[in-house]
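Okay, so here's the structure we're looking at.
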Amino acid sequence: MKIVLDSDVIIAGLISKTGAGNFLLRMFLDDKLQVLSSKEQTIEIENVLKRGRFRWEEQKSLWDSFKKKTKKIKILDLNECGGFVLDENDAHILALAVLGKVSFLLSYNIKDFFIDKIKDKYGVLIVRPGYFIQFCRGKNIL
19 MKIVLDSDVI IAGLISKTGA GNFLLRMFLD DKLQVLSSKE QTIEIENVLK RGRFRWEEQK
79 SLWDSFKKKT KKIKILDLNE CGGFVLDEND AHILALAVLG KVSFLLSYNI KDFFIDKIKD
139 KYGVLIVRPG YFIQFCRGKN IL
């Protein structure tokens, strides 16, 4: 299954060895999920991880594995997606999901997206990671 992980999910998965974010990263690395990413998202995540409160060395190996394996999507235009997010800085994540034609965008901050409008226009479901994991387990996907 092809998905997009919001940067908050990836960061949570990198800094915690437990939780839904880490579980999803491991499922991806075990070839159970296909995750799409972009240059913009990579830059965003690396900027956060390099801040002083994180131990970059501890996350670097997992992050490097994740980066190598993700399918990169080139984002050319954010204008269309800007009207579907509260924070314009999240437009690139939605654009990634739309351009990648995914069914699910996973985020801990679903309030930042106009989820009903996005579902109606693009067919992308925006859900929290825990809900997605339950959904997949119910369908015997994970």
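Sequential numbering of the sequence shown, starting at 19, is according to my numbering. Cβ coordinates follow ideal geometry from the N, Cα and C atoms, glycine included.
Neighbourhood of residue i by C-beta, 8 Å cutoff - its chain only, sequence neighbours within 5 removed
{"i": "K137", "result": "L143 and I144"}
{"i": "I29", "result": "G39, I63, V66 and L67"}
{"i": "L54", "result": "K20, I21, V22, T88, K89, K90, I91, L114, A115, G118 and V120"}
Where residue i falls: helix, strand or coil (DSSP)
{"i": "V142", "result": "coil"}
{"i": "L114", "result": "helix"}
{"i": "F102", "result": "coil"}
{"i": "F132", "result": "coil"}
{"i": "L94", "result": "coil"}
{"i": "V66", "result": "helix"}
{"i": "N119", "result": "A quick correction: the sequence has Lys, not Asn, at residue 119. It is coil, neither helix nor strand."}
Terminal residues of the beta strand (DSSP E) in which residue i lies
{"i": "S55", "result": "Q52 to S55"}
{"i": "L160", "result": "Here L160 belongs to no beta strand (DSSP E), and DSSP marks it neither H nor E."}
Closest residue to residue i among the options (Cα-Cα distance)
{"i": "F84", "options": "I151, D48, F131 and S121", "result": "D48"}
{"i": "L80", "options": "D26, L51 and L32", "result": "L32"}
{"i": "L124", "options": "V103, D108 and R146", "result": "R146"}
First and last residue of the uninterrupted alpha helix (DSSP H) at residue i
{"i": "I33", "result": "S25 to I33"}
{"i": "L43", "result": "A38 to L47"}
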